[in-house]
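**Student:** First the structure, then my questions, so here it is.
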Amino acid sequence: MNERFKVLLINISLRPKSERLFFPIGFAYIATAISRAGFEFEILDLDILRLSDAELEIQIKNAKFNVVAMGCIVTGYKYIKKICELIKKYHDIPIIIGNSVATSIPHILLNKTEADIGVIGEGDITVVELLSALRDKTPIEDVKGIFFKNKGKVVFTEERELINSLDDIPIINYDLFDIDVYLERFKLSISEPYPMEFDKIKALPINTARGCPFQCTFCFHVFKGKKYRHRSVENLINEIVILKEKYGLNYVQFADELSLFSKKHAENLADNFIKKKLNIFWTADCRAGFIKENDIELAKKLKLAGCVSLEYSLESADETILKAMDKQIKIHDFEVQTKILHEVGINPGTSIVIGYPQETPETLQKTFDCCLKCKIYPSAGYLLPQPGTPIYNIAIEMGLIKDEEEYLLKMGDRQDFIINFTKMSQEDIESITKKNLKKISKTLNLGLKEENLIKTGHYIQKDFRK
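Take the sequence shown: its letter number 87 is residue 86 in numbering that gives the first Met the number 0, and every next letter is one higher.
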């Protein structure tokens, strides 16, 4: 090819006013795949740069490229729409969108924004094939796992097969990013008690698994409904060793929908971390009921292997609401697991979803009472219907979402009260929530300010070992 073909990759900032930075794992895997395929590209990392609208417009106007690729979760739709408009204002080039903002709303994305092509699901292979087709001017119809417009209609190509072994995916090339900035600011998201002096923490998130075998009615992610897969322990350790040696990493957040699913896998992971003297602190996501009454030795082993925190969602302590969520957990299991983790010195973390149609003052009180009983401060959020989920369809049926794009443009974090499914007033829900969160914070001696009772991110969780 005589003509240079250059790609602009844009990392969207979903919370431009937050001091925290979350390393963009999915985006980084795509950037790594593009780099390994030999494409010339540039990364515009808006999460680090935090540009004003005027500054962003200048960047877009002056950039020289043949195609743009970006993506984010669906709550970032408004940013995608705005940036697409800016690009098309100055450049007549294809715009590729990935992640759940593409997978969950393909028709809205192509009919309401200036985006040209969407990538469905796993993009590691798809994006490379798509860029090759655009560069070589071959039919994009032959690329699996995408959608685009043809004669005014949204056309979907053949479904892309899943990557069976996550070990086949190359480890992220962290040198493509300003990693020192991420090391410094990602640690603002980790929860207390810290395993070392805060200033000495060097933390990053790592992806260990893809997918989730459960189908909660409020949850959507790019691998929803797909086979659950996890990396081998050996592959994971290899990446951690590289990050330790290269960047001095000493704290890892396993950033997955579900990091620890089977006890066999968890035990194998812990055994190898201990055997290889990895000496790394880590956090992971599991499910309520993962640790049961007879699993205290497993919990102790996880602690010995460096586990400082396990996150698992309660969502609600009301059985009717849990059934509506299709959560498939038992409140007793949540209580037992939390008690054991407190005993062995692993910090338990949980989240709750407030405002299912069945929610009443009594069900809400049950949930907060459960958290207080378990000595756990919840990350609280209001029900935020996401496209592609049953609860989103219910919102449309109830007339709570009349204009889908208007709703998408308003979407923010789960701490923003946008839709009320219940028979309670918004004021009553917020009042009950704040009153109980204040009580839990005071009882657990957390000292949270009122503006921090509901927020995005981790909370202080005291050590309650006897």
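Positions of the beta carbon are idealized from the N, C-alpha and C atoms, including for glycine.
Being a predicted model, the structure only gives us computed values, none of them experimental.
CB VAL307 to CB ILE273, shorter than 8 Å?
**Tutor:** The answer is no: Cβ separation not under 8 Å.
**Student:** Can at least three beta-carbon pairs, one atom from the region 29-39 and one from the region 48-57, be found at a separation below 8 Å?
**Tutor:** No: the two stretches stay apart, fewer than three of their Cβ pairs being nearer than 8 Å.
**Student:** List the DSSP bridge partners of ASP44.
**Tutor:** In DSSP, ASP44 forms a bridge with ASN10.
**Student:** Can you tell me where the beta strand (DSSP E) with CYS83 in it begins and where it stops?
**Tutor:** CYS83 -> not in any beta strand (DSSP E); alpha helix (DSSP H) instead, spanning 76-89.
**Student:** Using 8 Å as the limit for Cβ to Cβ distance, is LEU43 near chain B?
**Tutor:** The displayed structure is made up of one protein chain only, and chain B is not part of it.
**Student:** Excluding five sequence neighbours on each side, which residues of the same chain lie with their C-beta closer than 7 Å to the C-beta of SER258?
**Tutor:** Result list for SER258: THR207, ALA208, ALA283, ASP284 and CYS285, in chain order.
**Student:** Output the distance between the C-alpha atoms of GLU450 and VAL153, rounded to the nearest integer angstrom.
**Tutor:** Their Cα atoms are separated by approximately 44 Å.
**Student:** Kindly list the residues whose CB is nearer than 8 Å to the CB of MET0, restricted to its own chain and excluding five residues on each side of it in sequence; keep chain order.
**Tutor:** In this prediction, MET0 has a pLDDT of 41, which is less than 50 and means its spatial position is unreliable; nothing more can be read from the coordinates.
**Student:** Would you mind reading off the limits of the beta strand (DSSP E) that contains MET470?
**Tutor:** Residue 470 falls outside the range modelled here, since the chain spans only 0 to 465, and no answer is possible.
**Student:** Within the same chain, show all residues whose beta-carbon is closer than 6 Å to that of SER315, passing over the 5 residues directly before and after it, in chain order.
**Tutor:** Excluding residues within five positions, the ones whose Cβ falls inside 6 Å are LEU321 and THR366.
**Student:** Which of the three DSSP states, helix, strand or coil, is assigned to ASN149?
**Tutor:** ASN149 falls in the strand class under three-state DSSP.
**Student:** Which ranges does the alpha helix (DSSP H) cover as unbroken runs of at least 4 residues, wholly within the region 230-283, from first to last along the chain?
**Tutor:** As far as the region 230-283 is concerned, its whole alpha helix (DSSP H) runs of at least 4 residues are 232-246 and 262-274.
**Student:** Is SER424 helix, strand or coil when you go by DSSP?
**Tutor:** In the structure shown, SER424 sits in coil (DSSP, three-state: anything other than H, G, I, E or B).
**Student:** Starting from the C-beta of LEU248, find all residues in its chain whose C-beta is less than 8 Å away, skip the five residues before and the five after it, and write them out in chain order.
**Tutor:** Here the set comprises LEU182, LYS201, ALA202, LEU203, ILE239, LEU242 and ILE279.
**Student:** How far does the beta strand (DSSP E) with LEU309 in it extend, from its first residue to its last?
**Tutor:** Taken as a continuous stretch (DSSP letters only), the beta strand (DSSP E) holding LEU309 covers 306-310.
**Student:** For ILE104 versus VAL73, is the C-beta spacing smaller than 8 Å?
**Tutor:** Result yes, Cβ atoms of ILE104 and VAL73 sit closer than 8 Å.
**Student:** How about the region 345-361 and the region 230-237: do they share at least three Cβ pairs that are nearer than 8 Å?
**Tutor:** With a cut-off of 8 Å, the region 230-237 and the region 345-361 do not count as touching, because too few Cβ pairs lie within range.
**Student:** Can you find at least 3 beta carbon pairs, one from the region 61-79 and one from the region 10-20, that sit closer than 8 Å?
**Tutor:** Yes, since at least three Cβ pairs between the region 61-79 and the region 10-20 fall closer than 8 Å, the two stretches touch.
**Student:** Quick check on THR442: buried or exposed, where buried means 16 or more other Cβ atoms within 10 Å of its Cβ?
**Tutor:** THR442 is exposed by the Cβ-count criterion.
**Student:** Go through its chain and collect everything with a Cβ distance to ILE33's Cβ below 6 Å, but skip five positions before and after it.
**Tutor:** Taken in chain order, the residues that qualify are PHE40.
**Student:** Determine the burial state of LEU452: buried for a count of at least 16 other Cβ atoms within 10 Å of its Cβ, exposed for fewer.
**Tutor:** That one is buried.
**Student:** Less than 8 Å between the C-beta atoms of ASN65 and VAL118, yes or no?
**Tutor:** Contact: no.
**Student:** Following the continuous beta strand (DSSP E) through SER350, name the residue where it begins and the one where it ends.
**Tutor:** Taken as a continuous stretch (DSSP letters only), the beta strand (DSSP E) holding SER350 covers 346-353.
**Student:** Quick check on this structure: which residue in TYR28, LYS88 and GLY70 has the alpha carbon closest to the alpha carbon of ILE57?
**Tutor:** Checked all of TYR28, LYS88 and GLY70; the closest Cα to ILE57 is LYS88.
**Student:** Among GLY380, MET410 and THR216, which one has its Cα closest to the Cα of ASN392?
**Tutor:** Per the Cα distances, THR216.
**Student:** Quick check: the Cα distance between LEU301 and ASP167, rounded to an integer number of angstroms?
**Tutor:** Going from the Cα of LEU301 to the Cα of ASP167 covers about 27 Å.
**Student:** Give a yes or no on whether the C-beta atoms belonging to THR362 and ASP317 are separated by under 8 Å.
**Tutor:** Yes. Within cutoff.
**Student:** Between ASP91, SER440 and PRO386, which has its C-alpha nearest CYS370's C-alpha?
**Tutor:** Of the listed residues, the one whose Cα sits closest to CYS370 is SER440.
**Student:** Cutting at 7 Å between CB atoms, please list the residues of its own chain near ILE59, excluding the five before and the five after it.
**Tutor:** Once the five neighbours on either side are set aside, the close Cβ partners of ILE59 are LEU85, ILE86 and TYR89.
**Student:** Keeping to the same chain, check which residues put their C-beta closer than 6 Å to that of PHE4; ignore five residues upstream and five downstream.
**Tutor:** These residues qualify, in order along the chain: ASN65 and ARG134.
**Student:** By the 10 Å Cβ neighbour count, where 16 or more other Cβ atoms means buried, how is PHE222 classified, buried or exposed?
**Tutor:** With 16 or more Cβ atoms within 10 Å of its Cβ, PHE222 is classed as buried.
**Student:** Would you call the region 142-150 and the region 111-129 touching, i.e. three or more CB-CB distances under 8 Å?
**Tutor:** Yes, they touch.
**Student:** ILE295 to HIS106, Cα distance in whole Å?
**Tutor:** Cα-Cα distance, rounded: 49 Å.
**Student:** Looking at C-alpha atoms only, which residue of ALA30, GLU191 and GLY120 is the closest neighbour of ASN444?
**Tutor:** Per the Cα distances, GLU191.
**Student:** Note down the Cα distance separating ILE42 from ILE82, rounded to an integer number of angstroms.
**Tutor:** Computed Cα separation, rounded: 15 Å.
**Student:** Can you give me the start and stop residues for the alpha helix (DSSP H) that GLY25 sits inside?
**Tutor:** Run containing GLY25: 24-35, per the alpha helix (DSSP H) assignment.
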